[in-house]
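Everything on this sheet refers to the single structure shown next.
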Amino acid sequence: MSFVVIEGMDGVGKSTQAVCLMERLRGEGERVLLTKEPGGTEIGEQIRALLLDKRHTRMCVETELFLYMASRSQLIFEVIRPALRVGKVVISDRYVLSSLVYQGFAGGLGVEEVQQVARLATKGLQPDLMIVLDLPLQVALRRVSGGGDRMECKGEGFFRKVREGYLSLADGSLARRVEVVDALGEVEEVAERVYGVWCRHFRG
Numbered sequence: 211m212s213f214v215v216i217e218g219m220d221g222v223g224k225s226t227q228a229v230c231l232m233e234r235l236r237g238e239g240e241r242v243l244l245t246k247e248p249g250g251t252e253i254g255e256q257i258r259a260l261l262l263d264k265r266h267t268r269m270c271v272e273t274e275l276f277l278y279m280a281s282r283s284q285l286i287f288e289v290i291r292p293a294l295r296v297g298k299v300v301i302s303d304r305y306v307l308s309s310l311v312y313q314g315f316a317g318g319l320g321v322e323e324v325q326q327v328a329r330l331a332t333k334g335l336q337p338d339l340m341i342v343l344d345l346p347l348q349v350a351l352r353r354v355s356g357g358g359d360r361m362e363c364k365g366e367g368f369f370r371k372v373r374e375g376y377l378s379l380a381d382g383s384l385a386r387r388v389e390v391v392d393a394l395g396e397v398e399e400v401a402e403r404v405y406g407v408w409c410r411h412f413r414g
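Following the working numbering, the numbering of the sequence shown begins with 211 at its first residue and continues without gaps.
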């Protein structure tokens with residue numbers, strides 16, 4: 211079994227690459243579960259609707275954090291732990307690292323403070339590998355231009371901090387389990403890079 215997370219700021223192609231990795235591994239005979247955050251359960255999807263609704267402009271960052279953690283906790287309980295127990299590969303489109311970056315680093319709550327909440331919400335479940343897809347800021351912003359959900363409307367300054375947060379954490383205390391992958395190029399090119407990271411980590 212293995213637990214892999216695809217991370218990165220909005221616009222880098224996380225969801226596409228998570229599907230590509232899932233299909234590649236299934237083609238090799240692996241039993242793979244793909245999930246996403248926020249959402250992935252009935253409760254989580256209701257929380258997702260709250261979090262991403264652009265009408266909730268006054269949602270404070272603490273509320274945002276606790277909603278993400280509630281969705282995550284339910285996802286772990288209902289989906290992730292049961293899949294890991296039966297030996298499946300779990301690929302998650304976002305996990306705790308997103309909260310460390312979005313609410314802790316860019317949102318100003320502090321990374322250590324968010325980690326404390328995460329330890330309770332996840333009961334210590336950590337991914338074996340976190341793949342952070344990275345793009346130049348302006349490229350990523352062009353991909354999400356034209357509105358999007360509440361999180362995608364936070365502005366260039368916020369997303370500059372998000373990118374800084376990912377790169378800082380990937381080079382810091384989490385470096386052993388984090389790999390940064392260049393997300394520039396065609397989908398197939400990026401997919402090969404992601405698959406290469408997976409192979410190096412799990413197949414040596």
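Using N, Cα and C, we set each Cβ at its ideal position, and we do this for glycine too.
All figures in this text were calculated on a predicted structure; none of them were measured in a lab.
TODO: Using a threshold of 8 Å, state whether the C-beta atoms of residue 247 and residue 305 are closer than that.
DONE: yes
- [ ] Report back the beta-carbon spacing between residue 216 and residue 303 to the nearest angstrom; my notes put them in contact at under 8 Å.
- [x] 6 Å
- [ ] Determine, using beta carbons only, whether residue 271 and residue 218 come nearer to each other than 8 Å.
- [x] no
Task: Contact set for residue 371: own chain, Cβ-Cβ below 8 Å, skip 5 residues either direction - done: 315, 316
TODO: Return yes when the Cβ of residue 328 is within less than 8 Å of the Cβ of residue 279, no when it is not.
DONE: yes
Open item on the list: Is residue 315 near the ligand NAP - that is, is its Cβ less than 7 Å away from at least one heavy atom of it?
Closed with: For the structure depicted, the ligand NAP is absent and the ligand set is empty, with no information on it obtainable.
Task: 8 Å Cβ cutoff met for residue 467 and residue 299 - done: Nothing about residue 467 can be read from this structure; the chain reaches only from 211 to 414.
Task: Minimum C-alpha distance to residue 277 - residue among 235, 290, 257 - done: 257
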